[in-house]
Amino acid sequence: MKILLIRHADPYYPTDSLTEKGEREAKLLAEKLIKENITDIFVSPLGRAKLTAKPTADAFGIKPIVLDWLKEFPEMLGFEYNTDYYKNMKSPWNIPPEIWADDETVFDNEGWKNSKILSNSKITSYYDNVCDSFDRLIESFGYSKNGNYFEVKSNEYQDKTVALFCHFGIATALIAHILNMPLIPIWNSIFLPPSSVTSLYMEQHIKSRPLVHGIFAGIGDTSHLLAGNEPISCSGLHTKELK
1 MKILLIRHAD PYYPTDSLTE KGEREAKLLA EKLIKENITD IFVSPLGRAK LTAKPTADAF
61 GIKPIVLDWL KEFPEMLGFE YNTDYYKNMK SPWNIPPEIW ADDETVFDNE GWKNSKILSN
121 SKITSYYDNV CDSFDRLIES FGYSKNGNYF EVKSNEYQDK TVALFCHFGI ATALIAHILN
181 MPLIPIWNSI FLPPSSVTSL YMEQHIKSRP LVHGIFAGIG DTSHLLAGNE PISCSGLHTK
241 ELK
């Protein structure tokens, strides 16, 4: 089975919608995804994700299923930090490197949940709910989580391609979960541009054994924007321009 993690197109956050650029991105994205054998579409309840999914869903004639757990991590989860040049920033994926990169606990697969910067936050419980919800979703497609890998319980869905239209924090959290890696370094070391596509294959190494491992074939792909002469948005980065 193939899973596509798709970040919403260029956002206009004040109204939870898309900019004019975002609307163009969503149309170019649909032109790219029509070449995929998408069989199921799941979407965040937030407007910017729904609007991004609509051109693709219309092209396939699929009615998206809204999943509440695909909604972006709330910024206000009890997490905060202060430095001389970052005042009261709440976003946990924009943590200044001097805050997290020297803390060895954030690099530990289990210990990161007990790191100092998360000690007063609800991020881990929110993260655990996202991971558990994802595991239940793919279990409905015949893949059951077993420790650090998955087991095939049914071959009925192996040819399916499932698209999840969501958000930066959610998509990168799922990358960390599937790779069995600590969340904080993934959050702060990977950028997924608006309307980008991250492709995951649930690969069964040996057909006679039911063991499956998630293989990422591409992270943050924006080839549809390049093909349509549409600049890549840097929304979510501190920089002003991507080249």
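Heads up, the sequence shown stops at 243 in our numbering, and the numbers go up one at a time, no gaps. Where a beta carbon is used, it is the ideal one built from N, C-alpha and C, also for glycine.
*Kindly provide the ranges of any alpha helix (DSSP H) runs that are 4 or more residues long and lie completely inside the region 82 to 134, ordered along the chain.*
Whole alpha helix (DSSP H) segments, 4+ residues: 97 to 100.
*Which partner residues of R209 appear in the DSSP bridge assignment?*
R209 pairs with nothing; no bridge assigned.
*Could you have a look at G47 and say whether DSSP puts it in helix, strand or coil?*
Note: G47 maps to helix in three-state DSSP.
_Continuous alpha helix (DSSP H) stretch holding S195: start and end_ = Per DSSP, S195 lies in no alpha helix (DSSP H) segment and is marked neither H nor E.
*asked:* Check this for me: beta carbons of D16 and R48, under 7 angstroms apart or not?
replied: Cβ distance < 7 angstroms, so D16 and R48 count as in contact.
*According to DSSP, is N250 helix, strand or coil?*
An answer regarding residue 250 cannot be provided, because it is not within the stretch 1 to 243 covered by the chain.
*asked:* Let's test the definition: count the other Cβ atoms within 10 Å of the Cβ of G111 and tell me whether it reaches 16, buried, or not, exposed.
replied: Under this definition G111 is an exposed residue.
*Give a yes or no on contact between the region 192 to 199 and the region 225 to 237, applying the rule of three or more CB pairs nearer than 8 angstroms.*
Yes: the two stretches touch, three or more of their Cβ pairs being nearer than 8 angstroms.
*How big is the Cα-Cα spacing for E160 and N120?*
First, the residue type needs correcting, since residue 160 is Lys and not Glu in the sequence shown. Going by the C-alpha atoms only, they are around 41 angstroms apart.
*8 angstroms Cβ shell around D10 - same chain, five flanking residues per side excluded*: Here the set comprises L18, T19, K21, G22, E25, P194, S195, S233, S235.
_E72 and H167 closer than 7 angstroms at C-beta_ = Yes, the Cβ-Cβ distance between E72 and H167 is below 7 angstroms.
*asked:* Looking only at its chain, what residues have a beta carbon closer than 7 angstroms to the beta carbon of K27, apart from the 5 residues adjacent to it on each side?
replied: The residues P55, in chain order, have a CB closer than 7 angstroms to that of K27 in the same chain once the five nearest residues on each side in sequence are set aside.
*According to DSSP, residues forming a beta bridge with Q204*: Partner(s): V212.
*Might you give, ordered along the chain, the residues of its own chain that have their beta carbon closer than 8 angstroms to the beta carbon of W106, omitting 5 neighbours on each side?*
Checking the sequence shown, residue 106 turns out to be Val, not Trp. Within the same chain, Cβ atoms closer than 8 angstroms to the Cβ of V106 are found at W100, W112, S115, I117, P182, I184, P185, the five residues on either side in sequence being excluded.
*In this structure, does DSSP put A217 in helix, strand or coil?*
Looking at A217 - three-state DSSP - the assignment turns out to be strand.
*Is the beta carbon of W70 sitting closer than 7 angstroms to the one on S44?*
Position check: residue 70 holds Leu in this sequence, whereas Trp was assumed. Contact: yes.
*asked:* Taking 7 angstroms as the threshold (C-beta atoms), are Y143 and F312 in contact?
replied: Because the chain spans 1 through 243 in this model, residue 312 falls outside it and cannot be assessed.
*asked:* Using a 10 Å radius around the Cβ and a threshold of 16 neighbouring Cβ atoms, would you call D40 buried or exposed?
replied: Buried, because 16 or more other Cβ atoms sit within 10 Å of the Cβ of D40.
*Tell me, to the nearest whole angstrom, how far the beta carbon of Y127 is from that of A173; I am working on the premise that it is less than 8 angstroms.*
Confirmed, about 6 angstroms.
*Please state if the CB of I215 and the CB of E203 are separated by a distance shorter than 7 angstroms.*
Yes, the pair counts as a contact, with Cβ atoms nearer than the cut-off.
*alpha helix (DSSP H) containing A173: first to last residue?*
It spans 168 to 179 - the alpha helix (DSSP H) in which A173 sits, taken as one unbroken run.
*Based on Cα-Cα distance, which residue from P210, D102, T52 lies nearest to E31?*
Nearest of P210, D102, T52 to E31, Cα basis: T52.
_So for F73, helix, strand or coil by DSSP?_
DSSP places F73 in coil when its eight states are reduced to three.
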